[in-house]
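Participant:
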Amino acid sequence: MTDHVRIGVLGAARITPAAVIRPARFSTVAEVVAVAARSPQRAKAFADRHGIARVHGSYDELLADPAVDAVYNPLPNGLHGKWTLAALEAGKHVLCEKPFTANAAEAEAVAKAADASGLVVMEAFHYRYHPLALRVEEIMRSGALGPLRHVEASVCFPLPVFSDIRYDYSLAGGAMMDAGCYAVHMVRLLGGEEPEVRSARALLRGPGVDRAMRASLRFPSGHTGSVHASMWSPTLLKLHMRAIGENGTLRVLNPLGPHRFHRLSLRLKNRNSVETFGRRTTYAHQLDAFTGAVLRGEPFPTTAGDAVKNMAVIDSVYRAAGLPLRQPTM
């Protein structure tokens, strides 16, 4: 059993420094040791900029590297499934960026391969590993709010660069995929059950590509839910979660990036409270969880099985909005 996780990065994505490179610098058990990109020149420049020792000429070459234990997969959405499967076939653990795959059917195939491999496959919902989200989970499980009435989440931010890959249908883009996967994950955390999508409405950037989405949900126990996702709409910035129960209300400001700013407000019949937590990044906490799973078999919430459930809700939202499901990139 190794006491160190050597990570190889697929691609030179903008998120990679924040997600794994900088957290690994402060970790005693993780190190980013290799990178590969479609352009060898880009990979070399990325490696030089971030102090990565090994540069590979292709993704396959990186996966074949015996000095790599685990792979970080921040490729475009439509390529997540393909290269997570390839990493598993190469015997590598995987930290895969959200959304896990292009659709639920692909997620099921990847989850099946993950189960068969015995390797760690984690969907990178980094917010879920921060003490803020852990406290939210604790409150919801405690029953302090009483029987639930309604839960909601909004992840809205401005992305007016329409050439961005997140607006590209061929790469499984769309607001519901990028921002919405977080909102869905958050309402599933609050709701405690798997919801049914009752209705959905999209604002479009182009044929089949949503720039914003709203959806109404209902949970088996009877409480309702809603999600709001946007990359370009009149709602420029809104990051929040809320749960309303018979005994009170939980509100969270900025569950997505609480290391920047956040607030958890709990209003109950007999008391009100406001809580805040440390400034250590969500990504650092996520890397702790990933290495803990790889090195010690520690359990974690954002499993491949959980990803299948999240993708199933996303698919249902697209169907309810009258839009096509996203497809893997060929």
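In the UniProt record's numbering, the protein residues as written are 1 to 330. No residue lacks a Cβ here, since even glycine has one placed at the ideal position from N, Cα and C.
Who are the Cβ neighbours of LYS309 in its own chain at under 8 angstroms, not counting the five residues just before and after it?
Facilitator: ARG188, GLU194
Participant: What first and last residue would you give for the beta strand (DSSP E) that runs through VAL294?
Facilitator: No beta strand (DSSP E) contains VAL294, which is instead part of the alpha helix (DSSP H) from 282-296.
Participant: Taking the alpha carbon of PRO160 as the reference point, which residue from GLY191, LEU171, ARG205 has its own alpha carbon closest?
Facilitator: ARG205
Participant: Straight-line CA distance for ARG38 to LEU62?
Facilitator: 12 angstroms
Participant: Are VAL68 and VAL33 touching if we call contact CB-CB under 9 angstroms?
Facilitator: yes
Participant: Looking at C-beta atoms only, is the number of pairs between the segment 139-156 and the segment 113-130 that lie closer than 8 angstroms three or more?
Facilitator: no
Participant: Is it the case that the Cβ atoms of LEU264 and VAL136 are separated by a distance below 9 angstroms?
Facilitator: yes
Participant: Let me make sure I understand the geometry here. Which of ALA243, VAL9, LEU171 has the alpha-carbon closest to that of residue 356?
Facilitator: Residue 356 falls outside the range modelled here, since the chain spans only 1 to 330, and no answer is possible.
Participant: Considering only the alpha carbon of each residue, which of ARG214, GLY180, LEU171 lies closest to ALA321?
Facilitator: ARG214
Participant: CA-CA distance, VAL227 and SER199?
Facilitator: Spanning the two alpha carbons is a distance of roughly 11 angstroms.
Participant: Cα separation between TYR283 and VAL294?
Facilitator: 16 angstroms
Participant: Let's test the definition: count the other Cβ atoms within 10 Å of the Cβ of ALA64 and tell me whether it reaches 16, buried, or not, exposed.
Facilitator: So ALA64 counts as exposed.
Participant: Within this structure, are the beta carbons of TYR72 and THR2 separated by less than 9 angstroms?
Facilitator: No Cβ-Cβ contact shorter than 9 angstroms links TYR72 with THR2.
Participant: Do the CB positions of residue 387 and ARG271 come within less than 9 angstroms of each other?
Facilitator: No statement about residue 387 is possible, as the shown extent of the chain runs from 1 to 330 and does not include it.
Participant: Using the C-alpha atoms, what's the distance from PRO324 back to ALA243?
Facilitator: 30 angstroms
Participant: Given HIS185, which residues of its chain have a CB within under 6 angstroms of its CB, disregarding the five upstream and five downstream residues?
Facilitator: PHE125, ASN310
Participant: Kindly identify the DSSP beta-bridge partner or partners of LYS238.
Facilitator: CYS156
Participant: Go through its chain and collect everything with a Cβ distance to residue 370's Cβ below 8 angstroms, but skip five positions before and after it.
Facilitator: The structure shown has nothing for residue 370, since the chain only spans 1 to 330.
Participant: Identify the residues that DSSP records as bridge partners of HIS228: which are they?
Facilitator: SER154, ARG214
Participant: Determine, using beta carbons only, whether LEU132 and HIS262 come nearer to each other than 9 angstroms.
Facilitator: yes
Participant: How long is the line joining the alpha carbons of LYS112 and GLY118, rounded to whole angstroms?
Facilitator: Each residue's alpha carbon lies about 10 angstroms from the other.
Participant: Here's the rule I'm using: 16 or more other beta-carbon atoms within 10 Å means buried, otherwise exposed. How should SER163 be labelled?
Facilitator: exposed
Participant: DSSP has TYR72 in a bridge; who is on the other side?
Facilitator: VAL9, LEU95
Participant: Alpha carbon to alpha carbon, what distance is there between PHE46 and TYR59?
Facilitator: Near 15 angstroms, if we compare the C-alpha coordinates of PHE46 and TYR59.
Participant: On the DSSP letters alone, give me the boundaries of the beta strand (DSSP E) that LEU256 sits inside.
Facilitator: From DSSP, LEU256 is part of no beta strand (DSSP E); its letter is neither H nor E.
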